[in-house]
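Visitor:
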Amino acid sequence: MQKKTLVIGVLAGLVLGLAAGYIFGVKYQKQFFGSKGQPETVISEIDIQRKLITVKHPTKDRDINVIVKDSSEIFKVEFPFDPKNPPSQASFAPKYTKIALQDLRPGNHALIESSENIYNKYEFDDVKSIQVLP
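Under numbering that gives the first Met the number 0, the final residue of the sequence shown carries the number 133; numbering is consecutive throughout.
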């Protein structure tokens, strides 16, 4: 009888712990990334000589420095429709056009992909790609 109670108690504790961890993780992710699941990154400055892009932090009043390598790929993403007014039931493939660092402008919205964990970093340099969003 005591073994059954112990097993049930351990299982209940495990289930409650997993549920609490999941709920906390989802809540924290929404606080950091917003409801869309990805941070909205807005380019605020570009230093072409130093290959440095400064972006606004998605949740803090702070800037993040992104050092662009020669191997980093930069693309402009284009949709075959107005992103503010998408068609209701259409499938589509966005068009990716390779551009140079000089083509970026302050105010551009970008998705920056890095190979390193950038959590709590305010400068990173392992940039795989930058996608400039419409």
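A virtual CB, placed ideally from N, CA and C, is assigned to each residue, including glycine.
Computed from a predicted structure; not experimentally measured.
In this structure, how does DSSP classify Asp46 when only helix, strand and coil are distinguished?
Guide: Strand, per DSSP.
Visitor: Can you tell me which of Tyr121, Pro79, Arg49 and Glu115 puts its alpha carbon nearest to the alpha carbon of Lys127?
Guide: The residue with the shortest Cα to Cα distance from Lys127 is Glu115.
Visitor: Just the Cα atoms here: how many angstroms apart are Val67 and Glu77?
Guide: Computed Cα separation, rounded: 22 angstroms.
Visitor: Which ranges does the beta strand (DSSP E) cover as unbroken runs of at least 3 residues, wholly within the segment 36-101, from first to last along the chain?
Guide: DSSP runs (the beta strand (DSSP E)) wholly in the segment 36-101: 40-46, 51-55, 62-66, 72-77 and 94-97.
Visitor: Quick one: what's Ile111 bridged to in DSSP?
Guide: Ile111 pairs with Ile129.
Visitor: Within the chosen definition, does the segment 56-66 reach the segment 115-125 through at least 3 CB pairs nearer than 8 angstroms?
Guide: The segment 56-66, when compared against the segment 115-125, does touch it at the 8 angstroms Cβ threshold.
Visitor: May I have the straight-line CA-CA distance separating Thr40 from Ser87, to the nearest angstrom?
Guide: Whole-angstrom Cα-Cα distance: 26 angstroms.
Visitor: Measuring only the C-alpha atoms, how far is Leu100 from Leu132?
Guide: If you take the alpha carbons of Leu100 and Leu132, they lie about 14 angstroms apart.
Visitor: If you check the beta carbons only, do Ile129 and Phe74 fall under 9 angstroms apart?
Guide: Cβ atoms of Ile129 and Phe74: closer than 9 angstroms.
Visitor: Do Ile52 and Ile111 have their CB atoms nearer than 9 angstroms?
Guide: Their beta carbons are under 9 angstroms apart, which means Ile52 touches Ile111 by this criterion.
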